Every structure is written in C-alpha cells, then in structure tokens.
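Be aware that the sequence shown starts at 5, since it is given in the working numbering, and climbs by one per residue. Just so you know, even glycine gets a beta-carbon here, dropped at the ideal spot from N, CA and C. Quantities reported herein were computed from a predicted structural model and do not represent experimental measurements. This report concerns only the one structure given below.
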Amino acid sequence: MIDLHTHTTASDGSLAPAALVDAARAAGLRVLSITDHDTTAGFEAVTDRALQAGLELVPGIEISGVSDGRDMHVLGYFIDPASSGLRAFLQRQQTDRVRRVEEMSRRLAALGCPIHADAMLATAASGRSVGRPQIAAALVDAGYVQTRDEAFERFLEHGGPAYVPRRGAAPEEVVAIVHAAGGLASLAHPGVTKRDDRIVPLVAAGLDALEVRHSDHDAVTEQRYRDLARELGLLVTGGSDFHGGDVTHRVPRLGLVSIPDEDYIAFRRAGTNRERRV
Ligand SMILES: [Zn+2]
Ligand SMILES: [Zn+2]
C-alpha cells in the first residue's frame, strides 16, 4: 500500500513521527509520505527509522497557499528540506501562523471565550505548525464547545467571529518554492477545496500533479479528477490525509487510501528527474 498524505504531531496530527512510522509498518504500508502543514520536521525526524523498518519514505510537505482569501493546499514531494528558499519561505509561513493564533485568541477573549494560547505558541517556537485545529481543541478543553466541529462552526470557519485570514502566498508561488527545492507539486484534495477554476492557471505555473485519491473523495469525484489529470497531462497522487484520528474531526485510517503502483511509479520517475535537474 502507498499512502502519500499523512500528518504527525509536527503539525496537527496526534501521532509522533516515530509512532506514525510504526503504525504505517503495522498497517502494511510499503511507501509513506509524511506531509505536515508548513514543516518538514516530522519526516526529517524519522528517515533512519523508516529505512530500518523497510519503508520507503517520500520527503513531503503540505503547504498552505491562499487564493481569494481562502486556503488552497499544495503538496510538495521529493523536496530537499535543506533548500534555502524553502527554509526562508517556511519561516515566513510560521511567523504568519503565530500572528493568526495570537489574533484569533484575542478575538475569542473579546467574545467571552479566553483560551491559553501560550502553550500553543511555545510549541510553535519549537518548529511545530500551529493553527485553527489547535485552537478548536483548546475551546473544547475549556468547555466552551462540545466538539471541534462546533468550534469551527461557531467561531473559526471562514467568516466566523474569530476567523482571521491568512496572509499567505498564492498557490503559484508555492509551486515555484516546491520546484526550487527539487520537488514535485500536487494540488491537495481538489474535491474538498472546490476551486477547479484555479487548476488551469496552476498548471500554467508548473503544477505537476492532482491528488486524485483522498479520504474525502467519493468514487465519482476521484474519477472526475483522474479524467481531468489525464486531460491536462498531470501526474496522479493520493493518500488518506491521516491525522491520527484524535486532533481533527476527520478520522481516515492509515493506508485506507492507497494509490495504484503504476501511478506511484510514474510519479517517482518524474520526481527523480526533477531532483537531477536542480
Ligand atoms: Zn489539506
Ligand atoms: Zn493534509
């Protein structure tokens, strides 16, 4: 099985990177990519462990871009985490994440729901990506809401009273950053993001692939994006978007979404060629 989309405690997953590698092995995975939000700390911590486990670990990341005020996630694969352009870019992303958490905490306090943002911001200082999922968890812990979904619905979703927009990069810029780091860029979960109008401009900017398989894509959606990828000459990626089932409201199982070998072989071949060119 091949799962190219997972999260660890380096962003909003609930399993530490080492525990994720162990779980991947137990689930029978052959190829795994850890794609934490705006950080490479997760997969960098377990390259040796994956090797020892006989697991092919694809260097990955999920970068938040912004288009018309809304998030668009771009997955980067086969990236060099030491790329200076990537490092500088991720530092700016982290600075903006801290600003957003501080501003959202202020708004929640003004709404009568103060949370303790200090602990969250301390983990941000250690390289962990913080954001709305952690704020939602804090609102549940403080007893203001019953569930994280309710936290999003009442306060945190786009246009909600505590929502603060990201000051992020355009997805085209994210594609360029991934390429400069020697990687391939795939548009994450297009069936969830629902911005198909942005796909053709992204292809013009060099987008390499579409995430056709995803836990939140039904069979019809998957086929639609597979057809679109073929039409646009794009490669195909896929994964569970596993978060450990605890921190976020979604509970896809590890390895539940696997891409066919032939899709991965074509993708890896393109990734190897890109690495050689940089
Ligand atoms: Zn995403
Ligand atoms: Zn994800």
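Discussion item. Please report the straight-line C-alpha distance between L236 and I269, rounded to a whole angstrom.
Written reply: Taking the first residue of the sequence shown as 1, we reach residue 236 at position 232. Taking the first residue of the sequence shown as 1, we reach residue 269 at position 265. Distance between the alpha carbons of L236 and I269: 19 angstroms.
Worksheet item: When every heavy atom of ligand 1 is checked, does at least one fall within less than 6 angstroms of the C-beta of H3?
Response: With the chain covering 5 to 282 only, the question about residue 3 has no answer from this structure.
Practice prompt. Pull up the distance between the alpha-carbon of R234 and that of Q227, whole angstroms please.
Written response: Walking along the sequence shown from the start, residue 234 turns up at place 230. Walking along the sequence shown from the start, residue 227 turns up at place 223. C-alpha separation (whole angstroms): 11 angstroms.
Item to complete: Confirm the yes/no value for this check: CB of D16, any heavy atom of ligand 2, distance under 6 angstroms.
Response: Along the sequence shown, one-based indexing puts residue 16 at 12. It does not: the Cβ of D16 is nowhere closer than 6 angstroms to a heavy atom of ligand 2.
Item to complete: Identify, in the order they occur along the chain, each residue of the same chain with its Cβ nearer than 7 angstroms to the Cβ of V251, setting aside the five sequence neighbours on each side.
Response: Indexing the sequence shown from 1 puts residue 251 at position 247. Low per-residue confidence applies at V251: pLDDT is 41, beneath 50, and the placement is therefore not dependable, though the value from the model is reported in the following sentence. D16, G17, S18, P137 and A141.
Worksheet entry | Contact belief for D42 with R101 at Cβ below 8 angstroms, rounded distance in angstroms | In the sequence shown, residue 42 corresponds to position 38, counting from 1. In the sequence shown, residue 101 corresponds to position 97, counting from 1. Yes, they are in contact, since the Cβ atoms of D42 and R101 sit about 7 angstroms apart, within 8 angstroms.
Worksheet entry | 6 angstroms CB neighbourhood of C117 in its chain, flanking five on each side removed | Walking along the sequence shown from the start, residue 117 turns up at place 113. Taken in chain order, the residues that qualify are Y148.
Worksheet item: Would you report the Cα separation of Q97 and G163, rounded to the nearest angstrom?
Response: Along the sequence shown, one-based indexing puts residue 97 at 93. Along the sequence shown, one-based indexing puts residue 163 at 159. Cα-Cα distance, rounded: 21 angstroms.
Practice prompt. Flag this pair as yes or no: are the beta carbons of T10 and F159 separated by less than 7 angstroms?
Written response: Sequence index remark: in the sequence shown, residue 10 carries index 6 (1-based). Sequence index remark: in the sequence shown, residue 159 carries index 155 (1-based). Going by beta carbons, T10 and F159 fall outside the 7 angstroms limit.
Item to complete: For V134, collect the residues of the same chain with a Cβ closer than 8 angstroms to its Cβ; drop the 5 residues on either side in sequence, then sort them by chain order.
Response: As a first step, residue 134 must be located in the sequence shown, where it is residue number 130. Excluding sequence neighbours, V134 sits near R101, V102, V105, M124, L125, T127 and A128.
Fill in: Completely contained alpha helix (DSSP H) runs for the region 18-53, where each covers 4 or more residues
21-30 and 45-48
Worksheet entry | Reference G242; option with closest CA among E215, D265 and Y229 | Within the sequence shown, residue 242 is the residue found at index 238, counting from 1. Residue E215 is the option with its Cα nearest to G242.
Worksheet item: Roughly how many angstroms separate the alpha carbons of T170 and I67, rounded to a whole number?
Response: Looking up residue 170 in the sequence shown gives position 166. Looking up residue 67 in the sequence shown gives position 63. Here residue 170 turns out to be Arg, not Thr, going by the sequence shown. If you draw a straight line from the Cα of R170 to the Cα of I67, it comes to about 12 angstroms.
Worksheet item: Whose C-alpha, out of A114, G259, G248 and E60, is nearest the C-alpha of A23?
Response: Against the sequence shown, residue 23 aligns to sequence position 19. Closest option to A23, Cα to Cα, is G248.
Worksheet item: Roughly how many angstroms separate the alpha carbons of G32 and A209, rounded to a whole number?
Response: Sequence index remark: in the sequence shown, residue 32 carries index 28 (1-based). Sequence index remark: in the sequence shown, residue 209 carries index 205 (1-based). Their Cα atoms are separated by approximately 36 angstroms.
Fill in: Local Cβ density within 10 Å of S219, reported as buried at 16 or more and exposed below that
Residue 219 sits at position 215 when you count from the first residue of the sequence shown. Taking a 10 Å sphere around the C-beta of S219, we find 16 or more other C-beta atoms and assign the residue as buried.
Worksheet item: Among all the DSSP beta bridges, which residues are the ones paired with V62?
Response: Within the sequence shown, residue 62 is the residue found at index 58, counting from 1. Per DSSP, S37.
Practice prompt. With Y229 as the anchor, note down where its beta strand (DSSP E) starts and where it stops.
Written response: If you number the sequence shown from 1, residue 229 lands on position 225. Taken as a continuous stretch (DSSP letters only), Y229 belongs to no beta strand (DSSP E), being part of the alpha helix (DSSP H) at A223 to L236.
Practice prompt. Buried or exposed for I119, please, with buried defined as at least 16 other CB atoms from any protein chain shown within 10 angstroms of its CB.
Written response: To locate residue 119, count along the sequence shown from 1; it is residue 115. Taking every protein chain shown into account, the CB of I119 has 16 or more other CB atoms within 10 angstroms, so this residue is buried.
Discussion item. According to DSSP, M76 sits in a beta bridge with which residue or residues?
Written reply: Along the sequence shown, one-based indexing puts residue 76 at 72. BP columns for M76 point to G69.
Worksheet entry | Residue range of the unbroken alpha helix (DSSP H) whose run includes E144 | Numbered from 1 along the sequence shown, position 140 holds the residue referred to as residue 144. The amino acid at residue 144 is misidentified as Glu; the sequence shows Val. Where V144 is concerned, the enclosing alpha helix (DSSP H) stretches over R136 to D145.
Practice prompt. Check whether the Cβ atoms of G131 and A20 sit closer than 7 angstroms, and answer yes or no.
Written response: One-based indexing of the sequence shown puts residue 131 at position 127. One-based indexing of the sequence shown puts residue 20 at position 16. Cβ distance not < 7 angstroms, so G131 and A20 don't count as in contact.
Fill in: Own chain, CB closer than 6 angstroms to H253, minus 5 neighbours either side, in chain order
For the purposes of this step, residue 253 is taken as the residue at position 249 of the sequence shown. Because the pLDDT at H253 is just 42, under 50, the model does not fix this residue reliably, and the point stays unresolved.
Practice prompt. Collect the residues with a C-beta less than 7 angstroms away from any heavy atom of ligand 1 and give them in sequence order along the chain.
Written response: E66, H77, A192, H193 and D245
Discussion item. Excluding the 5 residues flanking L94 on each side, which residues of the same chain have their C-beta closer than 7 angstroms to its C-beta?
Written reply: Here residue 94 corresponds to residue number 90 of the sequence shown, with the count starting at 1. If we look at L94 and ignore the five residues flanking it on each side, its Cβ neighbours are D42 and T43.
Worksheet item: Does the beta-carbon of G58 have 16 or more other beta-carbons within 10 angstroms, so that it is buried, or is it exposed?
Response: Position 54 of the sequence shown holds residue 58. With fewer than 16 other Cβ atoms within 10 Å, it is exposed.
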